[in-house]
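Just so you know, we're using this note's numbering here: the sequence shown kicks off at 7 and counts up by one.
Idealized CB from N, CA, C, for every residue including glycine.
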Amino acid sequence: MASRFTLPHIDVSALHTASPYSGTGGGGSSVPRIRAEHGRKLANELNVALAAITELRGADPRLEPAKGGYIEVELRSGTSVDVLEWKRQGIRPGATKDRANARTVALYVPDNSQEAIQQILDDYLNGPLSPKGNPPNANRVERIEAIRRAHLEVFWTDDPKALPDDPQHLMWWAVWAHRDNETAVDDVCGRLGLRAASADRRLYFPEAVVIPVLARRAAIELMTFATGVVSELRRASDTPVFFLEDARESQNEWVDDLAARTVWPGNDVPAVCVLDTGINRAHSLIEPALATADQHAIDRDWGVDDHHNHGTAMAGLALHGDLTTSLSDRSERRLTHRLESVKLLPPKGMDPNDPHSYGVITQTAVSLAEIAAPERSRVFCMAVTNDDVSGARPSTWSAAIDQAAAGTMNGDDDTAPKRLFVISAGNVPAEIEFARISPQDDYPAEDPSQAWNALTVGGYTDLNQIADGGYEAWSCLVEAGELSPYSRTSVTWAHGRAPIKPEVVLEAGNRAVSPARREVLSLDSLSLLTTSPKSDANALTAFQATSAATAQAARMVARLTAQHPDYWPETIRALVVHSAEWTEPMLQQLNGPMGKKDRYPLVRRFGYGVPDFERASASARDHLALIAQADIQPFRLKGQREFNECHYYRIPLPAAVLEELQNTIIELKVTLSYFIDPNPGFSANVDPQRYQSFGLRFDLQRRGELASRFKQRVNAAEREDGARAPSHPDDARWMLGPSSISAGSLHCDVWTGPAAELLSRELLCVKPVLGWWRSRASKDIVNRKTRYSLVVTLKAPGVDIDLYSGVVAAKTRIETEIAAENEIMV
């Protein structure tokens, strides 16, 4: 059947105007303290904590005397750690984590600043009250609950269960230090005889360096408290896992026939770079699309062949998709992308003492592919995850992926490309006893699926027919259109701090249940078909789970990149999400009797739905996409650090068509995509605005809202000094609403309602929110420009109507009006 999506997407990049922007201040007051009681309590606690700093000095003659140390500060829940930072005195926060109703911070205090921090408390306790009756420094001091001597636990921001109790436990530690302390960490490791990983095994972020150190717990404690150079501690060793299934026999003639029917790509096409266990190139469905020069390994001694049968299966799906269909027809298959491979995982027995910092290894893999073919565009595909480690907060691995995507990893310069990663959400354990199966929400998506800039993929399934011999009486574990039983979710992640993951779900297979509901198995007929590492009669294999879904998503991205070479990676990611639609079982849950907040867990289960290549690649008369790619400067340093600009778009809504449709239901979908430069560690794991370099949000003109009032509502710079934002009734027709957006670098929502309600609502604002570029960066970075992609979809489901022509006409009218306005301004 010919696709109805044959019309080009409509470029509306020119339909925006930049305008000065000011944000709206926020923050509330806290419950007043009893001044004398609180001040004396904190002063006593501070003196005890400062005295403890000196206890370990001189305990080891190998160490130079420290010039400061850490205390533990407990803040009121939700308090920004900025209240503890005094840059002039060198007092700065380190590891930060949330506990029940409180936030703990490891605070570094130089010796020569102890008097300053004591004076702050003394002024609070004894200084004169302000005209409003507030003691000095109340804004800082009254947010502090307690001050304690620091223990190793306050520096540990990983899973508490992973911190060893045994002082002699030897392991690789991820030592997080401020960038200016890297040399000091190396010096301490040398003095204590500890093994610190070399520079090529370290990760560098704007404020932090992460150094893997092989040490016993006792040595790490000595290093932490006797030197003051350690700011945060985590595990340095990731345990990657993936799921492999038994091979399935197939007729070799089918493979040869498909290979003969395939029009193979040249060298100048986009590639899917598979980061996995290597690829066996000899397969006839792989060899013409994978050059030997494009096969790499992190360590040359590993070889480049697939040592675990996983990478080759990924490659087949990433190149051809599910082979079940393509093998059975006789049509010509034209490939517009090719393959690359970087062997990310070592074969068994290789260097067990390696710290296995997969953040560094992943960035190394990126460099290997780019050095070999620097002019080629590519998408990086990785279905390797950290074994049963939740992605609830940024990790070294996820931050390294974010950094590589943003083009800011170590060695990148201003010409470095943006990079799109397609990664897996991870799989639940494949239990074979039905009674042992737990709800999938009990299995949080695994690290590094939380990477903000990556496209994270989960699984759903439409496979509901069991055809394997001997299993006729068995039934499917889930129904068609539901979440695949293999897929993990991010339901348990803190919604205010963690991005919505996965963004999309693709076919990941189903499982079968025995008639007595005692056994659960993975069957070939409920799986996808892909290339086996073998090239003999067993050249095909069954493959399932989120690895299969991730490979298919990477294929879609590569095909879109080939078809739209002018689209940025941010745009390609937005198009994949824009094309996604929820299945009927998903919609039944979303449209149930619930509020917007009740939908958040559902979206964290199956993302924004199932993407479709046809919808992503082109528009139709009744289902079209408006595309904008734009540069924006979020902040500026002009005497003070402040917001700089926002963008107002005039969306070319087809007024005449909307009037004709009246009460006919219309869908308007908005997807905003950009790549942040991460600043992980310290307080970034509890405050998204400390992790992101900047953030963006969108806001659409509401029903009956005048253009001038809309601008005043969304932008304080449009109001008179001191004026409050005009109020206007919230738009209840959004599926998720603005409160759903708090973290991440992709934001998506769907408005559904009568067509007439979209009349006179053509204004859309893209505006910045806070990030470390504004609050913590140098002048050059504060004034830095960045870019974003905006996709707006207009859809009239079930109606034979030409929206497309109306939008094109409206666009022409708006372009003429903008040109006339520009002439008047000149």
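Requested in this report: Please name the residue or residues paired with W740 in a DSSP beta bridge.
Outcome: W757
Report task. Measuring alpha carbon to alpha carbon, tell me which of R105, D128, K93 and N107 ends up nearest P833. Result -> Any answer about residue 833 is impossible in this case: the structure gives the chain only from 7 up to 832.
Query raised in the report: Who pairs with E587 in a beta bridge, going by DSSP?
Result: Bridge partners of E587: V616.
Report task. Please list the segments of the beta strand (DSSP E) lying wholly inside the stretch 176 to 235, counting only runs of 3 or more residues, in order along the chain. Result -> 176 to 184 and 214 to 222
Report task. State the beta-bridge partners of W92 as determined by DSSP. Result -> Beta-bridge pairing by DSSP links W92 to I97.
**Report entry** M600 in three-state terms, based on DSSP
**Finding:** coil
Report task. Taking P686 as the reference, give the member of W178, Y27 and H184 with the closest Cα. Result -> H184
**Report entry** Which of helix, strand or coil DSSP assigns to L834
**Finding:** Absent from the model: residue 834. The displayed extent of the chain is 7 to 832, so no value can be given.
Report task. Compute the Euclidean distance between the alpha carbons of S36 and R149, then round it to the nearest angstrom. Result -> Model confidence at S36 stands at a pLDDT of 49, short of 50, so the residue's coordinates are unreliable; what they give is reported in the following sentence. For S36 and R149, the distance between alpha carbons rounds to 8 Å.
Query - CA-to-CA distance, I672 to V805, given in whole angstroms - result: 10 Å
**Report entry** Reference L770; option with closest CA among T467, N286, L291 and L706
**Finding:** L706
Report task. In the DSSP assignment, find the unbroken alpha helix (DSSP H) run with T368 in it and report its ends. Result -> Y364 to A378
Report task. For F161, name the three-state secondary structure that DSSP assigns. Result -> helix
**Report entry** S19 (DSSP reduced to helix, strand or coil)
**Finding:** helix
Query raised in the report: Starting from M356 and walking both ways along the alpha helix (DSSP H), at which residues does that stretch end?
Result: From DSSP, M356 is part of no alpha helix (DSSP H); its letter is neither H nor E.
Query raised in the report: Which of the three DSSP states, helix, strand or coil, is assigned to Q446?
Result: helix
**Report entry** Rounded straight-line distance, which links the Cα of H584 to that of S679
**Finding:** 11 Å
Report task. Measure from the alpha carbon of S746 to the alpha carbon of each residue in Y810, L664, R384 and G613, then state which is nearest. Result -> G613
Query raised in the report: Mind pulling the beta strand (DSSP E) runs of 3 or more residues that sit fully within the stretch 600 to 676?
Result: The DSSP assignment places 629 to 638, 641 to 644, 646 to 649 and 651 to 656 as complete runs of the beta strand (DSSP E) inside the stretch 600 to 676, in order along the chain (cut-off: 3 residues).
**Report entry** N-terminal and C-terminal residue of the beta strand (DSSP E) that A78 is part of
**Finding:** A quick correction: the sequence has Glu, not Ala, at residue 78. Unbroken beta strand (DSSP E) run through E78: G74 to R82.
Report task. Out of D736, A631, D693 and Y76, point me to the one whose CA is closest to E711's CA. Result -> D736
Query raised in the report: Would a C-beta distance cut-off of 8 Å place A410 and V372 closer than the cut-off?
Result: yes
Query raised in the report: In chain order, what residues of the same chain have a beta carbon less than 8 Å from the beta carbon of A225, not counting five sequence neighbours either side?
Result: L198 and L200
Report task. Would you mind sorting V147 into buried or exposed? The rule is 16 or more other CB atoms within 10 Å of its CB. Result -> Per the 10 Å Cβ criterion, buried.
**Report entry** Range covered by the alpha helix (DSSP H) that runs through R696
**Finding:** Per DSSP, R696 belongs to the alpha helix (DSSP H) from P694 to Y697.
Query - Of the residues T342, S347 and E488, the one placed nearest G272, counting alpha carbons only - result: G272 has its Cα closest to that of T342, out of T342, S347 and E488.
Query - Length-filtered (3 minimum) beta strand (DSSP E) runs lying within the stretch 273 to 338 - result: 277 to 282 and 301 to 303
Query raised in the report: What's the gap between the Cα of T163 and the Cα of F681?
Result: 25 Å
Query raised in the report: How would you call G645, buried or exposed, if buried means at least 16 neighbouring beta carbons within 10 angstroms?
Result: exposed
Report task. Could you tell me the distance, in whole angstroms, from the CA atom of A486 to the CA atom of G284? Result -> 33 Å
Query raised in the report: Expressed to the nearest angstrom, what Euclidean distance is found between the alpha-carbon atoms of Y794 and L752?
Result: 10 Å
Query raised in the report: Between the Cα of A24 and the Cα atoms of L659, T110, D637 and L169, which residue gives the shortest distance?
Result: D637
Query raised in the report: Is DSSP giving I59 helix, strand or coil here?
Result: DSSP places I59 in helix when its eight states are reduced to three.
Query raised in the report: Who are the near neighbours of R10 in its chain, counting only those whose CB is closer than 7 Å to its CB and skipping five residues on each side?
Result: A626
Report task. Measure the C-alpha to C-alpha separation of F249 and G84 and round it to an integer number of angstroms. Result -> Below a pLDDT of 50, predicted positions are generally treated as unreliable, and F249, at 26, falls in that range; no measurement from the model is reported.
Report task. Provide the residue span of the alpha helix (DSSP H) that contains K349, from first to last. Result -> Here K349 belongs to no alpha helix (DSSP H); instead the beta strand (DSSP E) covers R344 to K349.
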